[in-house]
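Take 4 as the starting number for the sequence shown in my numbering and just add one per residue.
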Amino acid sequence: MRRAAIKGVGKFLPPDVLTNADLEKMVDTSDEWITTRTGIKQRHMMKDPDKATTYMATQAAKNLIENTGVDPSSIDLIITGTVTPDHNFPDTSNGVAHAIGATNAFGFDVNAACSGFLFSLATAASYIQSGMYNRVVVIGSDTMSSIIDYTDRTTCILFGDAAAAVLLEADEDGHGIIDQVLKGDGSGKEYLNLKLGGSLHPITAENLNDSGRYIFQDGRPVFKRAVLGMSSTIKQLMERNNLRPEDVNWVVPHQANMRIIQSVSDQLDFPPEKVMVTIENYGNTTAATIPLCLNDYESKLNKGDNIILTAFGGGFTWGSIYLKWAY
Ligand code: COA
Numbered sequence: 004m005r006r007a008a009i010k011g012v013g014k015f016l017p018p019d020v021l022t023n024a025d026l027e028k029m030v031d032t033s034d035e036w037i038t039t040r041t042g043i044k045q046r047h048m049m050k051d052p053d054k055a056t057t058y059m060a061t062q063a064a065k066n067l068i069e070n071t072g073v074d075p076s077s078i079d080l081i082i083t084g085t086v087t088p089d090h091n092f093p094d095t096s097n098g099v100a101h102a103i104g105a106t107n108a109f110g111f112d113v114n115a116a117c118s119g120f121l122f123s124l125a126t127a128a129s130y131i132q133s134g135m136y137n138r139v140v141v142i143g144s145d146t147m148s149s150i151i152d153y154t155d156r157t158t159c160i161l162f163g164d165a166a167a168a169v170l171l172e173a174d175e176d177g178h179g180i181i182d183q184v185l186k187g188d189g190s191g192k193e194y195l196n197l198k199l200g201g202s203l204h205p206i207t208a209e210n211l212n213d214s215g216r217y218i219f220q221d222g223r224p225v226f227k228r229a230v231l232g233m234s235s236t237i238k239q240l241m242e243r244n245n246l247r248p249e250d251v252n253w254v255v256p257h258q259a260n261m262r263i264i265q266s267v268s269d270q271l272d273f274p275p276e277k278v279m280v281t282i283e284n285y286g287n288t289t290a291a292t293i294p295l296c297l298n299d300y301e302s303k304l305n306k307g308d309n310i311i312l313t314a315f316g317g318g319f320t321w322g323s324i325y326l327k328w329a330y
């Protein structure tokens, strides 16, 4: 059976780092509060005003090309999950294709907030499984610092900037993406949103300084729905693929809050050593968290490992993907 398998990974982290100690000087917070409530110690920040999401996505794609040795002209398609594109249009993926010399590729972006990588991966996999394309680059890239109010202690401690990418190719040996459960609920928009800057509320001289220019989050309901959304879709996947907790080698959860990750793992009886965690170093990098985890844990992965990716984000959007690692 033809499946879509991850055959390589790449990443980019901007060099500047914002630590909890830095945040203590900016807002009324403490390292102790941030660490115990979220698990985050530091986040990377894109401070160069001439560089943002497309640049980071390009660097992650270049790193992927270096790691895999793939010829950019052989790439058929580039899909980028992002909610912080450089511009409303043109999109990120076309900019990346141009910058890396993927002259035969087309591309588009997927807007699904923290589920952006998961939804992009599922879309890319369908193109490969159908036989339409053979080689797709899937990227998660977000410059969250561009939409954060650094005077709002409830959100500025959470997010960071990063990009990461995977190479997806056809596999006929039983590896690759096996199943997926993806979900959405538009009523979630009241709890997590960016009000201004779109077609409904464009930025004007009058609203220029409104808080609606930045991310709004009502943390508690989002927390509860995130735990429920991720654990219920993992359960569905495990049931219909006859997987017991001991059959799963790795769980790769979206990195929004260490307590969310722990609640999901506890509910499903996954021991901590099977759960990928990078939140301490990067914070919530939105669409980049899952491919960043795959980068950082790549050396621990073995061919044939059963892996479950799971995410929850603004929209609401959420879901899980079950795959067998291919290398
Ligand atoms: N430093 C110190 N105190 C803070 C603070 C900070 N950075 N942020 C909030 N607080 C305060 C609040 O003002 C509140 O004070 P009060 O009790 O006097 O009103 C108190 O801490 C508790 O706030 P609350 O929002 O209830 O905390 P919480 O335990 O729910 O943690 C989040 C807040 C944001 C960390 C948590 O709700 C969360 O992670 N939510 C989900 C995020 C998420 O998954 N997003 C996913 C989409 S990507």
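Think of the CB as a built atom: it goes at the ideal place given N, C-alpha and C, for glycine as much as any other residue. Since we're looking at a predicted model, the values are computed, not measured.
Have a look at the options and flag the residue whose alpha-carbon is nearest the alpha-carbon of residue i.
i	options	result
Tyr285	Val267, Ile9, Thr38 and Arg216	Thr38
Lys248	Val113, Leu231, Ser268 and Asp51	The question names Lys, but residue 248 is Pro in the sequence shown. Among Val113, Leu231, Ser268 and Asp51, the Cα nearest to that of Pro248 belongs to Ser268.
Leu295	Thr32, Leu124, Ala167 and Val30	Ala167
Gln220	Pro88, Lys327, Gly316 and Gln270	Gly316
Val139	Lys10, Ser302 and Asp53	Lys10
Asp31	Thr157, Lys14, Asn70 and Leu16	Thr157
Ile311	Asp53, Lys227, Ser302 and Ile181	Ile181
Phe273	Lys238, Arg46 and Asn305	Lys238
Tyr153	Lys28, Asp299, Thr313 and Leu326	Lys28
Ala291	Lys54, Val86 and Glu35	Val86
Asp213	Pro224, Val225 and Gly200	Gly200
Using the three-state DSSP reduction, which class does residue i fall into: helix, strand or coil?
i	result
Asn309	strand
Ile218	strand
Val99	helix
Val20	strand
Ile142	strand
Val202	Here residue 202 is Ser; the residue named in the question, Val, does not match the sequence. Coil.
Glu209	coil
Asn245	coil
Thr106	coil
Val113	strand
Met279	coil
For residue i versus residue j, is the C-beta spacing smaller than 8 Å?
i	j	result
Lys50	Asn23	no
Tyr217	Ile264	no
Met261	Ser323	no
Thr288	Gly119	no
Ser144	Ala63	yes
Asp308	Asn252	yes
Gly222	Lys198	no
Ala134	Ala329	In the sequence under discussion, the amino acid at residue 134 is Gly, which differs from the Ala named in the question. Contact flag unset, no.
Report the CB separation of residue i from residue j in whole angstroms; it is logged as a contact under 8 Å.
i	j	result
Thr320	Ala165	Not really, about 19 Å apart at Cβ, beyond 8 Å.
Val12	Glu301	6 Å
Between the stretch 123-132 and the stretch 79-96, do three or more beta carbon pairs fall short of 8 Å? Segments in contact, yes.
So does the stretch 96-116 actually touch the stretch 55-68, counting three or more Cβ pairs closer than 8 Å? When C-beta atoms of the stretch 96-116 are compared with those of the stretch 55-68, three or more pairs fall below 8 Å, so the two segments count as touching.
Touching by the beta-carbon criterion (3+ pairs, under 8 Å), the stretch 67-74 and the stretch 181-197: Judged by Cβ distances under 8 Å, the stretch 67-74 makes no contact with the stretch 181-197, as fewer than three pairs qualify.
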